[in-house]
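Enquirer:
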Ligand code: NAD
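In the numbering used here, the protein residues as written are 357 to 650.
(1) Any idea if residue 503 is buried or exposed, counting beta-carbon neighbours within 10 angstroms, 16 or more meaning buried?
(2) Could you tell me if residue 415 is buried or exposed, where buried requires 16 or more neighbouring beta carbons within 10 angstroms of its beta carbon?
(3) Determine which residues share a DSSP beta bridge with residue 449 and list them.
(4) Taking the straight line between their C-alpha atoms, what separation do you get for residue 366 and residue 633?
(5) Could you give the distance in angstroms between the alpha-carbon of residue 530 and the alpha-carbon of residue 595?
(6) May I have the straight-line CA-CA distance separating residue 427 from residue 494, to the nearest angstrom?
(7) Taking the alpha carbon of residue 400 as the point to measure from, which residue in 590, 615, 467, 420 has its own alpha carbon closest?
(8) Are there any heavy atoms of the ligand NAD lying less than 8 Å away from the beta-carbon of residue 607, as far as the coordinates show?
(9) For residue 587, which residues does DSSP report across the bridge?
(10) Report yes if the C-beta distance between residue 588 and residue 566 is below 9 Å; otherwise report no.
(11) Taking the continuous alpha helix (DSSP H) assigned at residue 542, which residues delimit it?
(12) Rounded to a whole number of angstroms, what is the C-alpha to C-alpha distance between residue 471 and residue 609?
(13) Do you know offhand how far residue 694's Cα is from residue 444's?
(14) Report yes if the C-beta distance between residue 395 and residue 500 is below 9 Å; otherwise report no.
So this is what it looks like as C-alpha cells:
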C-alpha cells in the first residue's frame with residue numbers, strides 16, 4: 357500500500373511555484389496576487405483562509421486579506437467583489453464560504469469576474485470545465501487530479517466511484533475523471549445519499565473518491581483489493597487520548613481500508629494540502645493569463 361502524500365507533493369509543487377515567481381521577478385514581470393475575502397468569525401474558515409495566505413507567502417505571491425464582521429451586508433460584500441474585479445493588481449480572489457445566512461452565496465459567486473475566479477466556482481468556469489475547455493478548475497478536484505498525475509496512477513478504463521455530489525467536490529471530480537485524456541478516461545459512477553446499494557457500488561470501484569462529510573463512513577469490506585482511495589473528508593471527532601480532546605478523520609475508515617488498497621490518501625496530510633496548493637496553481641495561471649488571454 358502506498359500513501360498518497362499530500363504534504364510532500366504540495367511542498368514539491370510549492371517549490372516549483374516559488375521558482376516560477378523568481379523567474380517572473382527576474383524578468384521584471386508581475387508577481388501573482390491572490391486576495392481573500394473573509395466574512396464573520398467561522399473558526400474553520402479562519403483556519404482555511406490563514407493557510408491560504410501563509411501558502412502565498414511561502415511561494416512569494418502577494419496576498420491581501422479583506423475581513424468584515426458577520427453582520428456585513430450583502431451589498432457591502434458585492435461592493436468588495438466589484439472592487440477586486442476592477443483592481444488590475446489582483447489576479448485572482450476567493451470569497452471564503454460559507455457566508456453568513458443573510459448573504460446569498462450564489463449572488464456573490466455570480467458577481468465574481470470569471471477571469472479572476474481562482475476557486476473555479478463560477479458557472480462559466482464550471483461549464484468550460486465540463487466541455488473540456490481551458491478553465492479554472494475547482495481547487496479540491498484540481499488537487500486530486502494533480503495528485504493522480506504526479507503519482508502516475510493509471511486512470512484510463514478504470515471504474516471510478518465518487519461518493520457525494522456536491523458542486524465543489526463530488527460533481528466536478530466525476531466530470532474531470534470521465535473527460536478524455538489523462539488523468540481521466542474513467543468510467544464514473546456518481547453516488548449520493550439516495551443511492552440504493554452504496555456498498556455494492558463502491559465494491560466495484562478501481563478508484564474511490566469519498567466526499568461525504570461523515571466520519572469513517574466508507575468501511576473496509578466496501579473496498580476492492582488493490583483499489584485507489586481518495587479521502588476528501590475532513591471531520592473533527594472526539595478523542596480523549598489527545599491533548600486537544602479531538603482529532604481529524606476522513607470519510608474513510610482508514611485503519612480498515614488502508615491494508616486493502618494499492619494507494620490511499622491520509623487525513624490529515626492528503627487532499628486538504630493539495631487543495632490549497634491547487635488554489636496557488638490557479639492564481640499563477642491567472643497572473644500569466646493562461647486560461648483567459650484577453
Ligand atoms: P456536502 O455536504 O456539500 O456534500 C456531501 C455529499 O455527500 C452530498 O452530495 C450527499 O448526497 C452525500 N451524502 C451525504 N450522506 C450520504 C450518505 N449517507 N450516503 C451517500 N452519500 C451521502 O459536502 P462537501 O462540501 O462535498 O464536503 C464533503 C467532505 O469533504 C466534508 O468532510 C468536507 O469537510 C470535506 N472537504 C474537504 C476539502 C479538502 O480540501 N480536503 C474540500 C472540501 C470539502
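Note that the Cβ used here is the ideal one computed from N, Cα and C, for glycine as well.
Expert: Taking the geometry as given:
(1) Buried, by the Cβ-count rule.
(2) Note on residue 415: 16 or more other CB atoms within 10 angstroms of its CB, so buried under the neighbour-count rule.
(3) Listed as beta-bridge partners of residue 449 by DSSP are 391.
(4) Taking the straight line from one Cα to the other gives about 6 Å.
(5) Between residue 530 and residue 595, the C-alpha separation is close to 33 Å.
(6) Between the alpha carbons of residue 427 and residue 494 lies a gap of roughly 28 Å.
(7) Out of 590, 615, 467, 420, 590 has the C-alpha closest to the C-alpha of residue 400.
(8) At least one heavy atom of the ligand NAD lies less than 8 Å from the C-beta of residue 607.
(9) Note: residue 587 sits in a beta bridge opposite 566.
(10) Going by C-beta atoms, residue 588 is nearer than 9 Å to residue 566.
(11) Careful: residue 542 lies outside any alpha helix (DSSP H) and carries neither H nor E.
(12) Distance between the alpha carbons of residue 471 and residue 609 is about 39 Å.
(13) With the chain running from 357 to 650 in the structure shown, residue 694 is simply not present.
(14) No.
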